[in-house]
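Numbering (our numbering), first residue to last: 4 to 161.
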């Protein structure tokens, strides 16, 4: 799945020779893509997979970075243009969000778009589709509440 030019979370396919499980895959991909040292991450959960329209499962692995200052960003220029962080609670709020109704195989669902402006207000990042769906789910779990908006996610994500 090509997401060139789009905001995406670190991730990729499991290397059967190197990765014994989804956690190992996530930690390896984060190290390769953004330079995140796996020893800085405490894994808190592995969520149920999201399945894309083409049938590819995406397994969100949720980790906690206790010391953000210890993370020395090393973006892989072949894969990453920029690294930024976003307040997770943003994905439960209606502010800076819009939705578009889509249809797939007769099912109507909402595709969510979140606009995030950099701290200096010079950059606008659009976080949408699968990335937004994963972050909505993670925020709902972390904050133990539903979003302020109707989610109406596609059934193929379940």
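Built from N, CA and C at the ideal position, the CB exists for glycine as well.
Which whole-angstrom value describes the C-beta separation of residue i and residue j, a residue pair presumed to lie in contact below a C-beta threshold of 8 Å?
| i | j | result |
| --- | --- | --- |
| residue 25 | residue 34 | With 8 Å as the limit, residue 25 and residue 34 do not qualify as a contact, their Cβ atoms being about 15 Å apart. |
| residue 1 | residue 56 | As shown, the chain starts at 4 and ends at 161. That puts residue 1 outside it, with no answer to give. |
Across which residues does DSSP place residue i in a beta bridge pair?
| i | result |
| --- | --- |
| residue 100 | 117 |
| residue 111 | 106 |
| residue 127 | 120 |
Cβ atoms of residue j and residue i: under 9 Å apart, would you say?
| i | j | result |
| --- | --- | --- |
| residue 139 | residue 12 | no |
| residue 91 | residue 102 | no |
| residue 96 | residue 32 | no |
| residue 69 | residue 43 | yes |
| residue 36 | residue 78 | yes |
| residue 148 | residue 85 | no |
| residue 134 | residue 10 | yes |
| residue 119 | residue 130 | yes |
| residue 45 | residue 15 | no |
Considering only residues of the same chain and omitting the five flanking positions on each side of residue i, which have a CB-CB separation below 6 Å?
| i | result |
| --- | --- |
| residue 94 | 138, 139 and 142 |
| residue 51 | none |
| residue 82 | 36 |
Within a Cβ cutoff of 7 Å, which residues of the same chain sit near residue i, ignoring the five residues on either side of it in sequence?
| i | result |
| --- | --- |
| residue 160 | 53, 54 and 136 |
| residue 112 | 105, 155, 156 and 157 |
| residue 22 | 28 and 31 |
| residue 74 | 39, 43 and 68 |
| residue 49 | 25, 26, 62 and 64 |
| residue 132 | 114 |
Say whether chain C places a C-beta atom closer than 9 Å to the C-beta of residue i.
| i | result |
| --- | --- |
| residue 49 | Checking the listed chains, one finds no chain C in this structure; it contains a single protein chain. |
If I measure Cβ to Cβ from residue i and keep anything under 8 Å in the same chain, skipping five residues before and after, which residues do I get?
| i | result |
| --- | --- |
| residue 121 | 87, 127 and 128 |
| residue 98 | none |
* Kindly provide the ranges of any beta strand (DSSP E) runs that are 3 or more residues long and lie completely inside the segment 26-100, ordered along the chain. => 44-49 and 64-68
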